[in-house]
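Residue numbers (my numbering): 4 to 573.
A short worksheet on the structure shown next.
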């Protein structure tokens, strides 16, 4: 024998799987004196149903309602709920509230607290009930059309027929007429209604006509009681007392043992959907010891933010992370890279030991030419870099974008800086230009300096100059495109030579924290003596340098080290 079933709260439980867990919860509720009416899906084999009945046969508070076939999205769920609710009201006149739950629900707080909570609100119906224009959580559309079209086919088991039927009705302009006095509402299937409201719904004089309408509505268990409650209730709190969350595909989140503390923090009375194997959850919440519990109002908002972040992570992933399980579409990424980085185009050609100077000034890790033809020039001459990135040009060039994104991802929190030039692999130009994390600083025409110092045949040098200028010109066109998201700064070689401090200060202002002292010294420039003559020689040979800037054939003072600009003393 159990406690007398005189509680003012009764439970209707819908079950179709994990019946042993449903039995545990039913016993827990019955021991609190609450009557329970259990409905078991008619598709559950008879032997399993018989075992459940036998397991609970010692509980006077537990009864079983007539069984209905409950296919997802069908009217059978409404019929099952309605017959079980009718049985609850007829057999237990002391019940003032009826709580609808499933066999996968778990009480998170003592039943006595729920009873006290409802006693303080004797005339309040707790049911999520929202008009269709205000719904933003449905998956797959059909917010309003679920009421205006017919749905004779099951979405899960007859998907092709379902889609064909919807398409045909749309083409024919089918539009069902709503019964008089009915304003469609949607909401969670799990509610807690007063006896008065539930009786009015079950005894509605127009129930036959209304049932005929809802029989062809899509997923009527999310709209039937939600709509009827608006028709009969005097006071509705449009929320469910059961914590249930859904993923981006419209499927319920499943709670596991490691969600124990999360569920406790919610202060909700019930949670769904609990994994049948979550022994720790069932043991913790079905214990008779109420220690550590609170009498706070249910506050699912405490964990809503966490689930929102989880859904966002599921949909968008982490910025800059590419992996087999979530590989984003090109240009639809949640950030192309994991953090900010700086690209210095042409700086190592103009300034001696630019890497060391930048490391000294910023404290950041500064690489050489990561996309150089021979090898990836990692900082410090490393052959293997963090994340097991090899300096092999062959491995890098197999997928240059993956090489760059892996480098940034594996060094999250540390800004990466590297050199670039027209001599390097250009496969990532568009990728970097459209990456909001990239800071690209360009000195156009700096490639001419190493050529000036070569001793090859001049015809070969001229051909190489034309090739590099063509590559750089294309790169600059990309950087000036309307699609660019990177922070781009471009100076000609002549402008940088004339005044190097202001451009360098502008770059460092973005890299360094605010309040960092202004630059007073710049890295030493290479010897530019003979550059005007070399440029004139290229022009005389028929090759016109376009991006270098204005270097007169005769300068008023020597170019490079002998000028009076600020320099670092080596």
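Just so it is clear, CB atoms sit at the ideal spot from N, CA and C, and this is done for glycine as well.
Give the straight-line distance between the Cα atoms of residue i and residue j, rounded to the nearest whole angstrom.
i           : j           : result
residue 544 : residue 458 : 17 Å
residue 492 : residue 365 : 19 Å
residue 5   : residue 123 : Reliability fails at residue 5, whose pLDDT of 48 lies under 50, so the model's placement of it is uncertain and no value is given.
residue 170 : residue 164 : 10 Å
residue 48  : residue 67  : 15 Å
residue 101 : residue 11  : 9 Å
residue 390 : residue 414 : 8 Å
residue 529 : residue 352 : 8 Å
residue 16  : residue 329 : 38 Å
residue 255 : residue 52  : 25 Å
residue 119 : residue 62  : 23 Å
residue 79  : residue 60  : 26 Å
residue 435 : residue 251 : 31 Å
residue 153 : residue 205 : 24 Å
residue 514 : residue 272 : 51 Å
residue 136 : residue 148 : 11 Å
residue 381 : residue 319 : 31 Å
residue 216 : residue 249 : 27 Å
residue 332 : residue 432 : 18 Å
residue 288 : residue 303 : 17 Å
residue 173 : residue 145 : 12 Å
residue 343 : residue 442 : 7 Å
residue 567 : residue 508 : Unreliable positioning characterises residue 567 in this predicted model, as indicated by a pLDDT of 46, which lies under 50. The coordinate reading is nonetheless provided below. Distance between the alpha carbons of residue 567 and residue 508 is about 19 Å.
residue 345 : residue 374 : 14 Å
residue 554 : residue 546 : 15 Å
residue 110 : residue 218 : 31 Å
According to DSSP, is residue i part of a helix, a strand, or is it coil?
i           : result
residue 350 : helix
residue 102 : strand
residue 227 : helix
residue 329 : strand
residue 360 : helix
residue 16  : strand
residue 546 : coil
residue 540 : helix
residue 383 : helix
residue 120 : helix
residue 525 : coil
residue 439 : coil
residue 392 : strand
residue 419 : strand
residue 285 : helix
residue 188 : strand
residue 493 : strand
residue 42  : strand
So, using beta-carbon positions, are residue i and residue j closer together than 8 Å?
i           : j           : result
residue 449 : residue 496 : yes
residue 534 : residue 465 : no
residue 128 : residue 239 : yes
residue 424 : residue 370 : no
residue 38  : residue 64  : yes
residue 487 : residue 447 : no
residue 246 : residue 274 : yes
residue 498 : residue 552 : yes
residue 199 : residue 98  : no
residue 133 : residue 35  : no
residue 106 : residue 45  : no
residue 268 : residue 242 : no
residue 187 : residue 228 : no
residue 489 : residue 412 : no
residue 363 : residue 472 : no
Using 10 angstroms around the beta-carbon of residue i, count the other beta-carbons present and answer buried if the total reaches 16, otherwise exposed.
i           : result
residue 224 : buried
residue 84  : buried
residue 519 : exposed
residue 418 : buried
residue 455 : buried
residue 572 : At residue 572 the pLDDT is 37, less than 50, meaning the model places this residue with poor confidence; the figure from the coordinates comes in the next sentence. Classification of residue 572: exposed, given that the 10 Å Cβ count is below 16.
residue 444 : buried
residue 230 : buried
residue 167 : exposed
residue 33  : buried
residue 18  : buried
Taking only beta-carbon atoms, is residue i less than 8 Å away from chain D?
i           : result
residue 396 : No chain D is present in this structure, which holds just one protein chain.
List the whole-angstrom C-beta distance separating residue i from residue j, where the pair is believed to meet the contact cut-off of C-beta under 8 Å.
i           : j           : result
residue 24  : residue 285 : 7 Å
residue 280 : residue 440 : Contact doesn't hold; Cβ gap of about 42 Å is too wide.
residue 92  : residue 202 : 6 Å
residue 468 : residue 451 : 7 Å
residue 526 : residue 357 : 5 Å
residue 70  : residue 28  : So it is not a contact: roughly 19 Å between Cβ atoms.
residue 193 : residue 103 : 6 Å
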